[in-house]
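J.: Below: one structure in C-alpha cells.
Residue numbers (full-length UniProt numbering): 1 to 240.
See below:
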C-alpha cells in the first residue's frame, strides 16, 4: 500500500489539522510501504534555519515513521519551496523534484504539486519564475530570518487576496498544459494537489484514455489517496 497526500498547510494556528496528521502517521502511514507528500505540507517555510518547535515536532514524527520502515517522499509546494536538506534529514524523508515519475502499481505515474499546470494565472506564473530563479533563491537564503518572515507574510496575504479576486478557471489547471506534460513524460496517470479540488478527471492523451487525480486539501476534512492491488482510491476523513 502506498499513500499520497498534499496541501495540509500545517501551522500552529490549526491544531486540528496537526492532530489529524499525527494520528494519520501513527495509523495508516505506519502500515504503508511509502508516503508521498506532494507539496504545501506547511503553510509557510522561510528556511531550515527558521524551523520552529512546532515544525521540529512534525519532523520528529515523520522520522519515527521512516525509522519504522515507511519510505517518505516530500515535494515542494508553492508555500514551502524553501524546505531544504536539514529538514529532510531531521524528518527522514527524500526530497523529490517536481515533476517526478514514480512506479505505482506497475504503472509510470507522474507526480506534481500542480501549480505549474495553472498557466492561465499569468501573475502567479511570473511570481513563481522570479521566486524559483537561482539568483532569487540565493538572495532569499541570504536575507535575515526576520526579513524572510516579513516577506513570507506579505506574499501570503497578497496571495489570498488575489486568489479571492480571480475567476475560478484562472486558478485551476489549464487542460492543454495537462496533456502536454503527460505526453512529455509518457504517462497516462497524473496525480497532483494545489487546486484544492479533489476529483478524478478522465481525459485523452495520444488517443488513449488517461486520468488526472487531484488530491484534496486538509481543511474541513483530511484526504488521502491509497494505491494498492485494487487500484487508486481517494477518501476523505474527519479531522479529530
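Note that the Cβ used here is the ideal one computed from N, Cα and C, for glycine as well. No experiment lies behind these values; they were computed from the predicted model shown.
Near residue 42, which residues of its chain fall below 6 Å by C-beta distance, leaving aside the five closest residues on each side in sequence?
T.: These residues qualify, in order along the chain: 10 and 80.
J.: Considering only DSSP beta bridges, list what residue 17 is partnered with.
T.: The partner list for residue 17 (beta bridge, DSSP) is empty, contrary to what the question assumes.
J.: So what's residue 119 in DSSP terms, helix, strand or just coil?
T.: Three-state result, residue 119: coil.
J.: Rounded to the nearest angstrom, how far is the Cβ of residue 45 from that of residue 82, given a contact under 8 Å?
T.: So it is a contact: roughly 5 Å between Cβ atoms.
J.: Within 10 Å of its beta-carbon, does residue 18 have 16 or more other beta-carbons around it, so buried, or fewer, so exposed?
T.: It counts as buried.
J.: By the 10 Å Cβ neighbour count, where 16 or more other Cβ atoms means buried, how is residue 205 classified, buried or exposed?
T.: With 16 or more Cβ atoms within 10 Å of its Cβ, residue 205 is classed as buried.
J.: Less than 8 Å between the beta carbons of residue 78 and residue 115, yes or no?
T.: Yes, the Cβ-Cβ distance between residue 78 and residue 115 is below 8 Å.
J.: Taking the beta strand (DSSP E) that residue 62 belongs to, which residues open and close that run?
T.: Premise fails: residue 62 lies in the alpha helix (DSSP H), 53-67, not in any beta strand (DSSP E).
J.: If you reduce the DSSP assignment to three classes, tell me which class residue 42 lands in.
T.: In the structure shown, residue 42 sits in a strand (DSSP, three-state: E or B).
J.: Just confirm the distance between the C-beta atoms of residue 195 and residue 172, as a whole number of angstroms; I'd bet it's less than 8 Å.
T.: Indeed they touch by this definition, with Cβ atoms about 6 Å apart.
J.: Leaving aside the five residues before and after residue 84 along the sequence, list all residues of the same chain whose C-beta is less than 6 Å from its C-beta, in chain order.
T.: Result list for residue 84: 48, in chain order.
J.: Quick check on residue 53: buried or exposed, where buried means 16 or more other Cβ atoms within 10 Å of its Cβ?
T.: With fewer than 16 other Cβ atoms within 10 Å, it is exposed.
J.: Would you decide whether residue 104 is buried or exposed? Buried here means 16 or more other CB atoms lie within 10 Å of its CB.
T.: Buried, because 16 or more other Cβ atoms sit within 10 Å of the Cβ of residue 104.
J.: In chain order, what are the residue ranges of uninterrupted alpha helix (DSSP H) at least 4 long that sit wholly in the segment 175-235?
T.: Segments of the alpha helix (DSSP H) lying fully in the segment 175-235: 175-184.
J.: Just how far apart, CA to CA, sit residue 4 and residue 228?
T.: Answer to the nearest angstrom: the Cα atoms are 12 Å apart.
J.: Excluding the 5 residues preceding and the 5 following residue 221 in the sequence, name in chain order all residues of the same chain whose CB lies nearer than 7 Å to its CB.
T.: Around residue 221: 236, 237, 238 and 239.
J.: Taking DSSP as the reference, what is the three-state secondary structure of residue 103?
T.: Three-state result, residue 103: strand.
J.: Quick one: grab the DSSP three-state call for residue 29.
T.: Correct three-state label for residue 29: helix.
J.: Going straight from the alpha carbon of residue 55 to that of residue 22, what length do you get?
T.: Going by the C-alpha atoms only, they are around 12 Å apart.
J.: Using a Cβ-Cβ cutoff of less than 8 Å, which residues in the same chain neighbour residue 33 once the five nearest sequence positions on both sides are dropped?
T.: Contacts found: 1, 2, 70 and 71.
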